[in-house]
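Those sequence lines, one after another, are chains A and B.
All you need for this note's numbering is the position in the first sequence, starting with 1, plus 586.
All you need for this note's numbering is the position in the second sequence, starting with 1, plus 601.
By construction, the Cβ of each residue, glycine as well, lies at the ideal position given by its N, Cα and C atoms.
No experiment lies behind these values; they were computed from the predicted model shown.
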Amino acid sequence: MKKRRLKVMAASAILLTSFVVLVLSMTKKESMPELTPSQLIVSAETLNNQNVQLVGAISEGSSKWDAANFELTFAVRELEGSEKVNIVYNRLKPDNFTDGGNVYVEGVYDAEKNLIVATDLQTKCASKYEEAVSSDPASSSLQQY
Amino acid sequence: MWIDGLLASIQGVTPELGQAAIWVSMFSAIWAIAALGIGLQLKKIGLLKSGRNAVIATFVLISIATGALIFGFVTDDFSLRYVVEVSSAAQPLLYKITALWGGMSGSLLFWLWLLTVGGALVVWQNRKASDTLSDYALIAITIVQLFFIVVVTGAVHGVYSPFERYANGLVMPDGKGLNPLLQTPSMAFHPPTLYIGWISLTVPFAFAMGALFSGRIASDWTLRSRRWMLFSWIVLTVGITLGGHWAYQELGWGGYWAWDPVENASFMPWLLGTAYLHSVMIQEKRNMLKLWNILLITLAFQFTLLGTFITRSGVISSVHSFAQSDIGWYFLGFILASTAGIVLLIVYRWQRLKSANRLESLLSRESAFVLNNWLLVGLTMIILWGTLWPIISEAISGEKATVPESFFNKVVIIPGLLLLFLTGAGPIISWKKITLNNFRRMFVLPIIYGLVAAGVAWLFLAYRTYTINVAAEEDMATAVSDVATPNFFVQVWESLIFKDQPIPIYSLLCVFASVFVVVAIVAEFYRGAKLRTKRQQTSFFNGLINLIQRNKRRYGGYIIHIGIVIVYIGIMGSKGYFLLESKSLQLGDSMEVGAYQFTVENTFREQGENYDQVGIIVDVEKDGKHVTKMKPARNYYFTAGQGETDTIESAIHAIGLNDIYIAIGDLPPNLDDGGLVNVQIYQNPLIKVVWIGVFVMVLGGLVAIAQKHVHKSQEAMA
């Protein structure tokens, strides 16, 4: 009986260890910093040529679509601030891509050009229309009109 | 018009009626908990009946509130903040109604309403039996309801009531409208199916809590909640798939799953529910895993709430992240408080939760079930780890980090393939301990078929590589004339060993395991049907039908397993072998993707109820022969207060089991005069197989749920 229990425990331990090793090694390999524009600019040198994820808002008036080269260029700004990072993206502009809209961008950062060549660009979807809850519904909603 | 006057009068009071109904329901829920709790302690039938009636009353009150809000949407009551946020006058009626769950306040009310439906159904199911286990379960359900009632009242900070009016009698001229992306049929059904799936998980959880409250830990709580659990699993399967289908059709990126935190939040309870559906059979059959089952169903339930914390608290970045508020933290608080309560109950019932039997061998059906559970729970934890990595990394290093989609794809593949193998091995391995005879009789044939199939797949993929290599080398020879054409045999050999590229080992393992499972399960059906045919002197077909009818749970489970194999094959093809080309084209220009040629022929313009659709007509040819015409477009919505919003409207054409998928960028005004339109074309192999596989899974689930009663003595193992 004891031997059987030992076997079960050993098998469980092996399985658990394999899981943990797999997850930790993959996390180490795939993990990338998630930053706002100001955080990225501050750490520009150390993050040069690295995969990063940038979170912010589409800078108003910055987006340009070069149809001939299938290239979208725009800047991501701090949600509350002026620091910006430039983005180049060579796929279709996603839905909900509007000035001031929240985005997150994944790609390799070029510190010299303050530019991310994006491999993934996603806008916040579904309830972007629904505002964050404020204490004064009347005033906050009226701003939309 | 008198009808307008009448509507205005009703509009004047319905929000207040709805709000009042929510407040009163709080008292009925409290009364239900108190009456049932005291009634069970004092064994007072009158109190128990009163408690059950209070559960029904809560359902009626929340139905009134939900109806009042729908009335507000249908009649465009723009004095209500919530209606303004997610609806507009021009919105089609269907989307006015589905706007109920288009934002936070309404979706919480809808969730609560479904919970009260669950409570009322448990009362109804128990109307004749008067079983105290159900009364204990009702207490647990009502506690969850009470949490939602408190949140929906609007009295807690950070969440406004769906019936909140603007100050000073202000009425907005129009609403902002539901997000155009949500104005699709699949999005009309995806959220409610997910909600129904999550909420029906509450009932088995409540029965588990009932078992802990009452001390009746034996299998009757699992039997009582079996059909609820299966129902939840089926609906969650449909709900998750509808979400993927919506993403595929609407978002224009040609995929259906991206491991987004919200997708993960819906998938994790499904994985845990699947684990529970398997382990509960071990409890019924061998009186083992009692504690494990309680923990599993508790986790599955808690994970439905965790999703709300993830999406609403703002701690995780997600494309889905909804309006942020304190609600996520209330959910986290409820999860922690309920977990503390459950842990105390488990400690209190510790002796009764001990298993009567133990595993006798690592190579047995019981062990296969346990391993299946380990893998499913392990997968859940991996996905949770990846989803919460931004929080974990920040806690460890002080810097927020995230993992991309590729992390999930890489970490789930090995456990996923092991699970696939178990889908076939579990049903054919013998109980207690595998014997040589069992191995020879049940395993050898499926293994041989699996190996042959993997060999054929190797050749097929090598041939695919060969054709790609030859095409590339021909291009090179055309471009640089002095490059010698490689020897044919060298080309074949290099393709067979996948030179300069990774051997598609996971695809081969997937094919091996899939064929192994199908052969193992078909053989199970065949053996059983043949036996019945012989015993009953009937046709093989009748024998097969009779076999399934006699044990719907077992054979329904096998059908689900076949469905899972089909889904795996679909995922392998569509995720592993899709083609994508992007190009800027003028009218009359062409591009090639795989074997197909696409030519932009013309533009078109159509008008919908609240949008204009503008797109291009693309002619598709293969080897010079016309295949079809496709119409990718963009929809321009005219919604009040938002300016124009446009969405990609992909064109999808099925060719056999594969799809051709076209999405386009903004159409330039000068398209007729040489302007360029951006075209993105995908060839998605075997994508239809994914949807077919889910259909088979659901079919199997419906067969399994059709079995009304399961007795411990009955052979019930899938």
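Item, Value
"Enclosing beta strand (DSSP E) for B:GLN1198 [first to last residue]", "1197-1208"
"B:ARG1065, buried or exposed, once every other Cβ within 10 Å from all chains shown has been counted against 16", "exposed"
"Three-state secondary structure assigned by DSSP to B:LEU1186", "strand"
"Proximal residues to B:ALA1241 (C-beta, below 6 Å), its chain only, five neighbours per side dropped", "Here B:ALA1241 scores only 48 on pLDDT, less than 50, and its place in the model should not be relied on; the value that follows carries that caveat. Closer than 6 Å at Cβ, skipping near neighbours: SER689 and ASP775."
"Start-end ranges of the alpha helix (DSSP H) lying completely within the region 1040-1070 of chain B, minimum 4 residues", "none"
"Backbone CA spacing between B:LEU607 and B:VAL753 [nearest angstrom]", "28 Å"
"Within 8 Å of chain B by C-beta, residues of the region 647-668 of chain A in sequence order", "TRP651, ALA653, ALA654, ASN655 and PHE656"
"Near-chain B residues of the region 615-648 of chain A - C-beta to any C-beta below 7 Å", "GLU616, SER617, MET618, PRO619, GLU620, GLN639 and VAL641"
"Cβ-Cβ distance between A:GLU669 and A:PRO619 below 8 Å", "no"
"B:THR659 at chain A interface by Cβ criterion, 8 Å", "no"
"First through last residue of the beta strand (DSSP E) which encompasses B:LYS1230", "1226-1231"
"The region 838-853 of chain B contacting the region 785-792 of chain B, beta-carbon criterion three pairs below 8 Å", "yes"
"Any C-beta of chain B under 8 Å from that of A:THR603", "no"
"Member of B:GLN1102, B:ILE1163 and B:ILE1263 whose CA lies at the smallest distance from the CA of B:ALA1026", "B:ILE1163"
"Proximity winner among B:VAL1168, B:LEU890 and B:ASP1213, relative to B:LEU1258 (alpha-carbon distances)", "B:VAL1168"
"Within 8 Å of chain A by C-beta, residues of the region 1182-1206 of chain B in sequence order", "SER1183, LYS1184 and SER1185"
"Validate contact between the region 1271-1291 of chain B and the region 1172-1182 of chain B using beta carbons, cut 8 Å, 3 pairs", "yes"
"C-beta neighbour in chain A for B:ILE1030, strict 8 Å", "no"
"A:GLU733: contacting residues in chain B (beta-carbon distance under 8 Å)", "In this structure chain A extends from 587 to 731, so residue 733 of chain A is not present and cannot be described."
"For B:VAL661, the first and last residue of its enclosing alpha helix (DSSP H)", "646-675"
"For B:PHE1239, three-class secondary structure by DSSP", "strand"
"Beta carbon proximity, A:TYR589 to chain B, threshold 8 Å", "Strictly speaking, residue 589 of chain A in this sequence is Lys, with Tyr absent from that position. Chain B contact via Cβ: absent."
"The region 751-768 of chain B / the region 617-628 of chain B touching (three or more Cβ pairs under 8 Å)", "yes"
"Touch test, the region 899-914 of chain B against the region 854-866 of chain B, Cβ-Cβ under 8 Å, three pairs minimum", "yes"
"Cα-Cα separation between B:PHE1040 and A:VAL607, rounded to whole angstroms", "32 Å"
"Near-chain A residues of the region 733-754 of chain B - C-beta to any C-beta below 9 Å", "none"
"Beta-carbon contacts of B:SER1191 that lie in its chain and below 7 Å, excluding the five residues immediately before and after", "GLN1198, PHE1199 and THR1200"
"Chain A within 8 Å of B:GLN1281, Cβ atoms only", "yes"
"Residues that DSSP places opposite A:ARG663 in a beta bridge", "A:ALA643 and A:LYS670"
"Simplified DSSP state of B:PRO693, which is helix, strand or coil", "coil"
"Cβ of A:LEU678 within 8 Å of any chain B Cβ", "yes"
"Any C-beta of chain B under 8 Å from that of A:ALA597", "yes"
"Alpha-carbon to alpha-carbon, A:ARG590 and B:VAL1071", "57 Å"
"Pair within 8 Å by beta-carbon distance, B:ILE997 and B:MET705", "no"
"Per-residue burial, B:PHE1205 [other beta carbons within 10 Å of its own, 16 or more giving buried]", "exposed"
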